[in-house]
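Visitor: Under the working numbering, the residues of the sequence shown are numbered 7 to 221, in order.
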Amino acid sequence: MSPHPDVDVVELAGDDVASSDPDPAVVDRTETVLAGGGTVVLPTDTVYGVAALASVDGATDQLFALKDRPGHQPLAVLVADLGQALELVEEPVPEVRGWMETLWPGPLTIVLRRRVGARALALGGNEATIGVRCPDHRFVRAVAARLGPLATTSANRHGEATPSSARDAAAALAGCVDLVVDGGPAGATASTVVDASITPWLVLRAGALPADRLT
7 MSPHPDVDVV ELAGDDVASS DPDPAVVDRT ETVLAGGGTV VLPTDTVYGV AALASVDGAT
67 DQLFALKDRP GHQPLAVLVA DLGQALELVE EPVPEVRGWM ETLWPGPLTI VLRRRVGARA
127 LALGGNEATI GVRCPDHRFV RAVAARLGPL ATTSANRHGE ATPSSARDAA AALAGCVDLV
187 VDGGPAGATA STVVDASITP WLVLRAGALP ADRLT
């Protein structure tokens with residue numbers, strides 16, 4: 007049963023959705039919506055997110071609008087792998103590069119200086135930096151591998167509780183998203199966010215990755 011009658015919903019099958027080979031049909035459907043400038047609620051290894059393709063003109067404007075999110079609060083991007091991240095950001099210092107190699111895929115968002123000449127992404131906030139994460143969820147990585155980095159934010163209205171299921175996400179964003187991908191129950195804690203564009207680095211948000219894993 008669809009979590010909300012006004013939203014197109016597709017389900018990911020499998021006992022362990024995050025680590026299972028993603029259903030090609032669901033990947034295809036998600037790709038079609040995102041490439042057309044639409045918005046999609048996605049399961050991740052942390053909380054449900056809502057994504058758009060930042061390389062499509064106007065797509066991320068929809069994320070800010072449906073979230074009622076202030077434009078000075080930037081969106082992060084989900085990437086398929088380390089290589090895709092390094093196309094967007096300057097080469098990090100060895101410590102931070104080590105996090106990317108050992109803690110990704112995982113619940114760690116790293117804010118880094120944007121690489122000169124990197125593709126233009128409309129993410130809001132400070133255009134000199136970008137928050138990147140490689141999630142431990144094969145479906146999301148498969149979509150990013152096809153389309154490129156996915157602009158994302160949690161699937162809730164600004165200031166409201168983060169949904170723990172596709173049903174809750176669809177209800178929270180009813181009438182505002184083009185597709186909901188139901189990956190089953192989500193976690194209750196968002197990713198840890200670290201600003202590594204400054205020295206020393208700074209934890210901006212405590213989250214699913216314990217801070218002691220960074221030292």
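Positions of the beta carbon are idealized from the N, C-alpha and C atoms, including for glycine. Treat the numbers as computed from the prediction; the structure is a model and nothing was measured.
#1: Using only alpha-carbon positions, find the residue among V183, E96, I116, C182 that is nearest to A217.
#2: Compute the Euclidean distance between the alpha carbons of A31 and V39, then round it to the nearest angstrom.
#3: Please classify L210 as buried or exposed, where buried requires at least 16 neighbouring CB atoms within 10 angstroms.
#4: Between the alpha carbons of D34 and D188, how many angstroms are there, rounded?
#5: Let's test the definition: count the other Cβ atoms within 10 Å of the Cβ of P125 and tell me whether it reaches 16, buried, or not, exposed.
#6: Compute the beta-carbon to beta-carbon distance between S61 and L127, rounded to the nearest angstrom, for a pair I have assumed lies under 8 Å.
#7: For the candidate residues L208, L215, A150, whose alpha-carbon lies nearest to that of Q90?
#8: How far does the beta strand (DSSP E) with G55 in it reach, from first residue to last?
#9: To the nearest angstrom, how far is it from the Cα of E166 to the Cα of T108?
#10: Is the separation between the beta-carbon of A214 and that of T66 shorter than 8 Å?
#11: Secondary structure at R120, three-state DSSP: helix, strand or coil?
#12: Buried or exposed: where does R147 fall if 16 or more other Cβ atoms within 10 Å of its Cβ makes it buried?
#13: Could you compute how far the alpha carbon of A172 sits from the alpha carbon of D63?
#14: Just the Cα atoms here: how many angstroms apart are P191 and S170?
#15: From the DSSP output, read off the bridge partner residues of G130.
#16: How big is the Cα-Cα spacing for V201 and L208?
#17: With a cut-off of 8 Å on the beta carbons, I'd call G123 and P80 a contact; round off their distance for me.
Guide: Reading it off the structure:
#1: Of the listed residues, the one whose Cα sits closest to A217 is I116.
#2: 13 Å
#3: That one is exposed.
#4: 15 Å
#5: Sequence inspection shows Arg at residue 125; the Pro mentioned does not correspond to that position. By the neighbour-count rule (16 or more Cβ atoms within 10 Å), R125 is not buried but exposed.
#6: 7 Å
#7: A150
#8: DSSP places G55 inside the beta strand (DSSP E), whose first and last residues are 55-59.
#9: 32 Å
#10: No.
#11: R120 falls in the strand class under three-state DSSP.
#12: buried
#13: 27 Å
#14: 6 Å
#15: DSSP lists no partner for G130.
#16: Before going on, a small fix: residue 201 reads as Asp here, not Val. Their backbone Cα atoms lie some 5 Å apart in a straight line.
#17: Not confirmed; about 20 Å, so no contact.
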